[in-house]
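Visitor:
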Amino acid sequence: IREEGLVLLDGQDIYAPDMDLVALRKRVGMLFALPVALPVSIYENVVYGPRLSGIRAKARLDEIVERSLTAAFLWDEVRDRLRLPGLRLSGGQQQRLCLARVLAMEELEVILLDEPCSGLDPISTAKIEDALKSLKEKYTIILVTNNTRQAARVADQTAFFLMGKLVECGPTERIFTNPGDPQTHAYVTGRFG
Numbered sequence: 005i006r007e008e009g010l011v012l013l014d015g016q017d018i019y020a021p022d023m024d025l026v027a028l029r030k031r032v033g034m035l036f037a038l039p040v041a042l043p044v045s046i047y048e049n050v051v052y053g054p055r056l057s058g059i060r061a062k063a064r065l066d067e068i069v070e071r072s073l074t075a076a077f078l079w080d081e082v083r084d085r086l087r088l089p090g091l092r093l094s095g096g097q098q099q100r101l102c103l104a105r106v107l108a109m110e111e112l113e114v115i116l117l118d119e120p121c122s123g124l125d126p127i128s129t130a131k132i133e134d135a136l137k138s139l140k141e142k143y144t145i146i147l148v149t150n151n152t153r154q155a156a157r158v159a160d161q162t163a164f165f166l167m168g169k170l171v172e173c174g175p176t177e178r179i180f181t182n183p184g185d186p187q188t189h190a191y192v193t194g195r196f197g
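The opening residue of the sequence shown carries number 5 in our numbering; numbering runs sequentially from there.
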């Protein structure tokens, strides 16, 4: 088992000194365990990245807002309240707002999620999971979760790490029904973890 390695995007080491960090940040978005809504309106939260990228036309920004909020399963809940401060939304809505902000980036290819549902109620968790399922055909999604049921519901491929070391990886169905490693088997069957 390897204990170290490289993180490559299109064959390029993202930690290399010559990596263009601005270009990297346009292609890779991140969602954290706790939502990080900006202290501005829902609309301004979503257009933050596109504006930094130089998009100024209101019609274009409006289209990005609707598309991104729809993809994050939030549009129907906020379409008439876009001027409301993002911080006034519930925790689950704020997390979907943060997902919409990530999705607003035109060059986005990879979405990293670190326990995005850890503090959410079951309904909010289901909405995040539904969004991820609908997005996985277009984007590479890397989800870190300790919730084995969530991994089984949303992942195509699963990697099991124990104490920071990769134990096993493969198709999710195989990992959960016929794991090849005893440690993986113990974890997915609830014997430890």
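Using N, Cα and C, we set each Cβ at its ideal position, and we do this for glycine too.
Can you give me the start and stop residues for the alpha helix (DSSP H) that valine 158 sits inside?
Guide: Looking at the DSSP string, the run of the alpha helix (DSSP H) that includes valine 158 is 152 to 158.
Visitor: Have a look at proline 186 and leucine 107 and give me their C-alpha separation to the nearest angstrom.
Guide: Between proline 186 and leucine 107, the C-alpha separation is close to 38 angstroms.
Visitor: With burial defined as no fewer than 16 other Cβ atoms inside 10 Å of the residue's Cβ, what is the status of tyrosine 191: buried or exposed?
Guide: Per the 10 Å Cβ criterion, buried.
Visitor: Which ranges would you report for the alpha helix (DSSP H) in the stretch 56 to 102 if only whole runs of at least 4 residues count?
Guide: Correct list: 62 to 75 and 79 to 82.
Visitor: Can you give the Cα-Cα distance for glycine 168 and glutamate 8, rounded to whole angstroms?
Guide: Their backbone Cα atoms lie some 10 angstroms apart in a straight line.
Visitor: Report the residue from Asp80, Ser94 and Glu67 whose alpha carbon sits nearest the alpha carbon of valine 40.
Guide: Looking at the Cα atoms, Ser94 is the closest of the given residues.
Visitor: Return the bridge partner residues of aspartate 118 from the DSSP annotation.
Guide: In DSSP, aspartate 118 forms a bridge with Val148.
Visitor: For threonine 144, I'd like the list of residues in its chain whose CB is within less than 7 angstroms of its CB, leaving aside the five on either flank, ordered along the chain.
Guide: The answer, listed in chain order, is Glu113 and Val114.
Visitor: Less than 8 angstroms between the beta carbons of alanine 37 and aspartate 118, yes or no?
Guide: Yes, Cβ-Cβ distance for alanine 37 and aspartate 118 is below 8 angstroms.
Visitor: Given a cut-off of 8 angstroms on the beta-carbon distance, is the pair glycine 96 and serine 128 in contact?
Guide: Their beta carbons are under 8 angstroms apart, which means glycine 96 touches serine 128 by this criterion.
Visitor: Distance, Cα to Cα, alanine 155 vs glutamate 133?
Guide: One C-alpha to the other measures close to 10 angstroms.
Visitor: Is the stretch 41 to 53 touching the stretch 85 to 94, taking contact as three or more C-beta pairs under 8 angstroms?
Guide: Yes, the stretch 41 to 53 is in contact with the stretch 85 to 94.
Visitor: Taking all protein chains shown into account, decide if lysine 131 is buried (16 or more other Cβ within 10 angstroms of its Cβ) or exposed.
Guide: Label assigned to lysine 131: buried.
Visitor: Measuring CB to CB, does alanine 159 end up less than 8 angstroms from leucine 147?
Guide: Going by C-beta atoms, alanine 159 is nearer than 8 angstroms to leucine 147.
Visitor: Measuring CB to CB, does alanine 76 end up less than 8 angstroms from arginine 100?
Guide: Yes, the pair counts as a contact, with Cβ atoms nearer than the cut-off.
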